[in-house]
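Trainee: Residues in the sequence shown are numbered consecutively from 2, following my numbering.
Think of the CB as a built atom: it goes at the ideal place given N, C-alpha and C, for glycine as much as any other residue.
This one's a predicted model, so the numbers in the text were calculated from it and none came from an experiment.
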Amino acid sequence: MKKKIGIAMHGGAGTILKSLMSAEKEALYTSALKEAVLVGEAILLKHGLALEAVEAVVKQLEDNPLFNAGKGSVFTHEGRNEMDASIMDGKTLKAGAISGVYNVKNPITLARAVMEHTEHVFLSGGGAVNFAKEMGIPVESDDYFFVQYRYDQLQKARQADTVVLDHTSLKEIESKTDLEDKKFGTVGAVALDVYGNVAAATSTGGMTNKKHGRIGDSPIIGAGTYANNNTCAISCTGHGEFFMRAVVAYDISCLMEYKGLSLKAACDLVVHDKLVKIGGEGGLIAIDALGNIEMPYNTEGMYRACKRNDDDLVIGIY
Ligand code: ASP
């Protein structure tokens, strides 16, 4: 029997309205999603590991300025790009995470290096950047990360004196800035390989105008990212503070492991009930060891794509 494989990815959730999307922009996003998911699928078809596939997909999205990760990362209040990322291997339950790193071209590769080449799980700031250099992981100048659109977002958020999450919950700024500015752009991937392993990866620039070294859910194992071969792999996007409080990724895994819920039932409960009750906007992508894929969100839209076995490629935005 042919072994099952599957890959799913997101490019952020939020106020993504068809009425505000130009045909050109939609085409750009659609082709970026398609290319990324095919990169992951190609690895899985060659019997590569789920871990390799999720890193490659996230890397590809980090290099694309359309998304709030790597090159397209949003600006902090001080006008810097500080990035968070994490990765987890469902086979070994090993994980690696980094937060507040700057100049590192592909934060997800650094997170994987933390997992594979240190005795730690989570490195932050300057220490993590020094570790990247020691490992020969590419660093880029500040100019590489400068994206005019992101810089304009920062100026607007500063004027409004608001911390702009890259998603919909900031109703306060609605009157002061474009809906255009309220898209999430965090990226993530989950995969199932031919060996039955699942893995998850998430990478983000966090939120525009963030201050005081704020860290969201994306680099936090159990909140924004989780993978366990016995249950599922999850990567989240949304209002990080709520995803941390709801321990979203691990909660879904636990609902499957301890309560015997299906992937779909667990995802629906967390995204459409538990998160909604505390006001947490966002979504996630999930895959289980049987190859079931779920991509729920409670916002207007979520950039998403998946490909499973011989099934058709699925791409969605709204
Ligand atoms: N979850 C991310 C954070 O709070 C933001 C996002 O998903 O766009 O940092």
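1. Mind checking whether E63 and K72 have CB atoms under 8 Å apart?
2. From M245 to V195, what does the alpha carbon distance come to, in whole angstroms?
3. Contact between the segment 252-268 and the segment 197-212: three or more CB pairs below 8 Å?
4. Could you give the residue range of the beta strand (DSSP E) that holds R305?
5. Alpha carbon to alpha carbon, what distance is there between A33 and A43?
6. How big is the Cα-Cα spacing for T77 and A70?
7. Closer than 6 Å by C-beta to S176: which residues in its own chain qualify, once you throw out the five before and the five after it? Chain order, please.
8. From the DSSP output, read off the bridge partner residues of K1.
9. With three or more beta-carbon pairs closer than 8 Å as the criterion, would you say the segment 120-130 touches the segment 90-110?
10. Is N230 near ligand 1, going by C-beta to nearest heavy atom under 7 Å?
11. Considering Cα atoms alone, identify which of L50, S204, M10 is closest to L39.
12. Tell me, which residues are paired with E295 by DSSP?
13. Tell me the rounded alpha-carbon separation between I316 and T93.
14. How about T203 and S87: do their beta carbons lie closer than 8 Å?
Mentor: According to the structure shown:
1. Indexing the sequence shown from 1 puts residue 63 at position 62. Indexing the sequence shown from 1 puts residue 72 at position 71. Going by C-beta atoms, E63 is nearer than 8 Å to K72.
2. Translated into positions along the sequence shown, residue 245 becomes position 244. Translated into positions along the sequence shown, residue 195 becomes position 194. The straight-line gap from Cα to Cα measures roughly 31 Å.
3. no
4. Within the sequence shown, the letter at position 304 stands for residue 305. Unbroken beta strand (DSSP E) run through R305: 302-309.
5. Taking the sequence shown and counting its residues from 1, one reaches residue 43 at position 42. Taking the sequence shown and counting its residues from 1, one reaches residue 33 at position 32. Each residue's Cα considered, the two are about 16 Å apart.
6. The residue labelled residue 77 in the question sits at position 76 within the sequence shown. The residue labelled residue 70 in the question sits at position 69 within the sequence shown. Straight-line Cα distance between these residues: approximately 13 Å.
7. What you label residue 176 is simply residue 175 of the sequence shown in a count that begins at 1. Model confidence at S176 stands at a pLDDT of 47, short of 50, so the residue's coordinates are unreliable; what they give is reported in the following sentence. Same-chain partners within the cutoff: there are none.
8. Because residue 1 is not part of the residues shown, which for the chain are 2 to 319, the question remains open.
9. Here the segment 120-130 makes contact with the segment 90-110; the two share three or more CB pairs at distances below 8 Å.
10. Counting from one through the sequence shown, the residue named residue 230 turns up at place 229. No - ligand 1 has no heavy atom lying nearer than 7 Å to the Cβ of N230.
11. Residue mapping note: residue 39 aligns to position 38 of the sequence shown, counting from 1. Of the listed residues, the one whose Cα sits closest to L39 is M10.
12. Looking up residue 295 in the sequence shown gives position 294. Bridge partners of E295: A287.
13. Locating residue 316 in the sequence shown gives position 315, counting from the first residue. Locating residue 93 in the sequence shown gives position 92, counting from the first residue. Going by the C-alpha atoms only, they are around 30 Å apart.
14. Here residue 203 is taken as the residue at index 202 of the sequence shown, counted from 1. Here residue 87 is taken as the residue at index 86 of the sequence shown, counted from 1. Yes, Cβ-Cβ distance for T203 and S87 is below 8 Å.
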